[in-house]
Structure formats: structure tokens, C-alpha cells
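In what follows, a single structure is set out as C-alpha cells and then discussed.
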Amino acid sequence: MSVQAPSAAVLIRPHLFTPNSQTAGDNAFQSTDPSRTPDEIARAAFEESTKVAETLRNAGVNIHVFDDTESSRPDSVFPNNWFSTHSGGRVAVYPMYAPNRRTERRTDVIEMLKHDFRVQDVVDYSGLEHDGIYLEGTGAMVIDHTNRVAYAAESHRANPLALERFCASFGYEPMMFEACDSHGVPIYHTNVMMCIATDFAMIGLDLIASGDRRMEIAERLTEPGRTLIDLTADQIANFAGNALELKGSHGRLLALSTRALASLTSAQRSVIESSCEIVPLDIPTIELAGGSVRCMVAGIHLDRRSRMAADVAAGAAAADAAGSAETPAAAPGA
């Protein structure tokens, strides 16, 4: 078992996917495809996300799929930005930078977590949006669950105040740093340049502005005995850093896109394969939105309830609903 590699995850399947115009200004990873119509792009994204869920399930990962049929949520396929889960039964809900992403927060996802897993409390930071303070979940942060460190590249999506507040409540050490791509554009989400697995970490060290900070981060990542895989700027641009370690039926696996895998060297693949099975996922349409596999798959770091406990929880929830004349609650922060 590994605290870093969850065996369950949430995936949102979009029916009306499109690259988000409200995030294009600071997401240099976004691109367009004029050769296809919007309907063709949306259908392809739906098919790609369906295949991702099937592939990970076949590998033994417990995938919880939710469909999104709303036309006002272009980035709903990336749920890891609005919630995260943590040991001890804790869930965090986050403040989002783009206004059209804020309705991605869904009560049905949170209720599923409460029903199927042991959830002690849900901490909702989404009210910080009213003060222009944002922290987009495990996109803005890459969390080392073993060493209890939350790494965050400075950006519009990662406010230091919100990071400090989250870390103080959830028991992580914050480690913020400046990072830019090869064109000098700030990295919009930390998880496009950094992936922490049990026995290795992948990171674009040269993108970190400060040499001292670069060395400090490298030392912290290797403290538990991890091997460091240093990614080039070109590999980062091809989403090699946007990968996620999961636990399947035959051990740990690394989920990443076929584009990301193609950018890795044989030596880098060997390091990964020494502790993980590599599971490539073909998602070229979804990558148009500036995110890849890690953004799509929100890992569940919670203890699963027994079937009996889940049935009791479901019965209690149904009784509460039947006894209440109030309208259903809005999504957190909506």
C-alpha cells in the first residue's frame, strides 16, 4: 500500500466539452483545432474520457464516473481543481479563478464520497473567491502525502494566503516557488510540471526560477528515497509532468497520456517501470484545454466504508431528505 497512490478516483465525463476562453489568457498549454467543428470536438472528448474510465477500471482502479451535460462548464472534465480528499476523512473544496468554472462544484460528488468513503468533515474555501483569492486544488498544488508537503508554483490560480490556510488546516508544509516555461510565461498549474509518485518524482527543475529553491525542492522530493526524473521544457509542454500514480489490482500504475509517454526517454521509462506499470491514455482532444491525465483524474485518499455502513449512511440520508421540506442545497460555494 502507498499513501501516495489512491486506488479510487472521480472522473467527470463531459458531453459539451470545449477549450475555455476564460482561462486561455494564463494557460499557455491550451490550443485549438480548427479542423474540427465544436460538436466533433465535444463528441471526441466524451469518447476519450469514456475510454480513460474503462482503461483504468480494467487495470483495477475504482473509478466513479459522473456525467456533465451543462454547456456552461467547458472545463468540467478537470475535477481535481475544485476538490481534493485526504487521510483522516477530510475533503477540501476550492476557490476557482475563472467564473465559468465555479459551478463545477457538485453536491452529488461530495455525497458519493460521504456514502462510499469515511468522510469526517468537508472544508469549503470557495468563499475566498469573493476576495479574489484562488487555490485550484491539486492543479495548483502537487501534494507529497508521504512527506506532508504541498508544492505550489506562484500563479493567479495559487494564492499564498489560501495555500497557508489550507496547509495549516490539513497538516502540510507549504512550499511555493516561481516557475516559468521556456517562453518566460508563468506555469499556470503546478501539476503540469510536477508529479510525485511513491518511488520517483517527475519535475521540470529548470523551470524553477531560483537555483536555491530548485536545489531545496530536489532534496525534499528525494528524502524518502525517491528517484528524481528531471523533465525538459519540451517534455513539460507535452504533458509529461501531468501524470498520476494510482493503485490497481496488480500494484501501482502511472497514468499518463500517450503524448506524454512518447516524449519520455527510454531511461526515464525504465525508472518508472521499476516500480509502476505505465498505463498510457489517448486524450488528444482533452489536451486542447491545457490539461492532461492528472487534471482529469481526482484521486480519492479516503478509507472506504463497508457495504453495511454505506447502506446505513444511505438510509439516514434518505430519511433526512424525506423529513425535510426545504429545496435541495446548492453546490458548495455556488
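In this note's numbering, the protein residues as written are -12 to 321.
Ideal placement from N, C-alpha and C gives every residue a C-beta, glycine not left out.
Owing to the predicted nature of the structure, the values given are computational and were not obtained by experimental measurement.
task = Report the three-state DSSP secondary structure of ASN49 (helix, strand or coil).
result = strand
ask   = Is there contact here, the stretch -6 to 6 with the stretch 22 to 31, by at least three beta-carbon pairs under 8 Å?
value = yes
ask   = Would the stretch 205 to 216 and the stretch 48 to 57 be scored as touching if the rule is three or more Cβ pairs under 8 Å?
value = no
request  = Quick one: grab the DSSP three-state call for LEU268.
outcome  = strand
ask   = Quick one: what's got a C-beta closer than 7 Å to GLY158's C-beta in the same chain, skipping five residues either side?
value = ARG135
ask   = Nearest to THR125 by alpha carbon, out of TYR138, ALA254, PHE33 and PRO173?
value = TYR138
inquiry  = If distances are taken between C-alpha atoms only, which option among ARG44, LEU289, ASP111 and VAL48 comes closest to ALA149?
reply    = ASP111
ask   = For THR314, is the classification buried or exposed, using 16 other Cβ atoms within 10 angstroms of its Cβ as the cut-off for buried?
value = Only weak support is given to the placement of THR314: the predicted model assigns it a pLDDT of 41, under 50, and the value that follows is read from those uncertain coordinates. When all chains shown are included, THR314 counts as exposed.
ask   = What residue range is occupied by the uninterrupted beta strand (DSSP E) comprising ASP193?
value = It is not in any beta strand (DSSP E) - ASP193 carries neither H nor E in the DSSP assignment.
query = If we ignore side chains and look at the alpha-carbon of each, how far apart do VAL179 and GLY119 end up?
reply = 23 Å
query = Pick from ASP95, GLU141, HIS102 and ALA79: whose alpha carbon is nearest that of GLY114?
reply = ALA79
task = Please state if the CB of ARG105 and the CB of ASP290 are separated by a distance shorter than 8 Å.
result = yes
Span separating the alpha-carbon of GLU260 from that of SER253 = 10 Å
ask   = Terminal residues of the continuous beta strand (DSSP E) containing GLY238?
value = 238 to 244
ask   = First and last residue of the beta strand (DSSP E) that includes GLU160?
value = 160 to 164
key: Within the stretch 68 to 92, ranges of the beta strand (DSSP E) (whole runs, at least 3 residues)   = 70 to 73 and 77 to 80
ask   = Do you know offhand how far ASP131's Cα is from GLN(-9)'s?
value = 7 Å
inquiry  = I'd like to know if the stretch 59 to 71 and the stretch 39 to 46 are in contact, where contact means that at least 3 CB-CB pairs between them fall below 8 Å.
reply    = no
ask   = Going by beta carbon distance, what residues of the same chain come within less than 6 Å of ALA196, once the five residues before and after it are set aside?
value = GLU165
key: Beta-bridge partners of VAL330, as assigned by DSSP   = Any answer about residue 330 is impossible in this case: the structure gives the chain only from -12 up to 321.
message = Report the CB separation of LEU194 from ALA220 in whole angstroms; it is logged as a contact under 8 Å.
response = 7 Å
query = When we look at the beta-carbon of PRO82 and count the other beta-carbons within 10 Å, is it buried (16 or more) or exposed?
reply = buried
ask   = With 16 other CB atoms within 10 Å as the buried threshold, where does THR19 fall?
value = exposed
inquiry  = Let me check one thing: in DSSP terms, what residues is THR214 bridge-paired to?
reply    = PHE187
task = With DSSP as the reference, label LEU(-2) as helix, strand or coil.
result = strand
query = Expressed to the nearest angstrom, what Euclidean distance is found between the alpha-carbon atoms of ARG256 and GLY235?
reply = 19 Å
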